[in-house]
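Q:
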Amino acid sequence: MTGTDDALLDPRGLSKLRWRCRRGLLENDLFIERFFARHAEGLTVRQADALGLLMDLSDNDLLDLLLGRKPLSGELARDDVTQVLALMRDVSPTSSTKEPA
């Protein structure tokens with residue numbers, strides 16, 4: 003890995019990544035759109051590469067990972083992919099701790 007892996011993704015790279023992340027299943031698109039809405043401005047080259055690996059999966063395999071039905075395995079069982087998957091799964095707002103009424 004080089005120092006450029008931690009560099010922010012440039013606007014052209016982000017645009018290409020968004021296009022590549024278009025999926026056939028609405029459920030996957032919902033996870034992906036929320037991910038971009040929250041994290042697009044701070045995506046690094048390393049995170050973009052990890053997201054690209056996830057996009058190589060079939061729609062059903064990706065959904066299984068997003069829903070936690072199966073764990074990352076094989077070449078996907080890497081820290082960077084795990085981090086991106088966690089960001090994609092995060093459904094809580096920035097402050098979701100509420101006291102019961």
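This note's numbering puts the first residue of the sequence shown at 3, with every later residue one more than the last. Think of the CB as a built atom: it goes at the ideal place given N, C-alpha and C, for glycine as much as any other residue.
1. Can you say whether Asn30 is buried or exposed, counting buried as having 16 or more other CB atoms within 10 angstroms of its CB?
2. Report the option in Leu55, Gln49 and Leu32 whose CA atom is closest to the CA atom of Leu78.
3. My output table needs one value for Leu59: the three-state DSSP class, helix, strand or coil.
4. Pull up the distance between the alpha-carbon of Lys18 and that of Gly26, whole angstroms please.
5. Rounded to whole angstroms, what's the CA-CA distance from Ala52 to Asp82? Just pull it up for me.
6. When DSSP labels each residue in this structure, what does Leu68 get in the three-state scheme?
A: In terms of the structure at hand:
1. buried
2. Leu55
3. coil
4. 17 Å
5. 6 Å
6. helix
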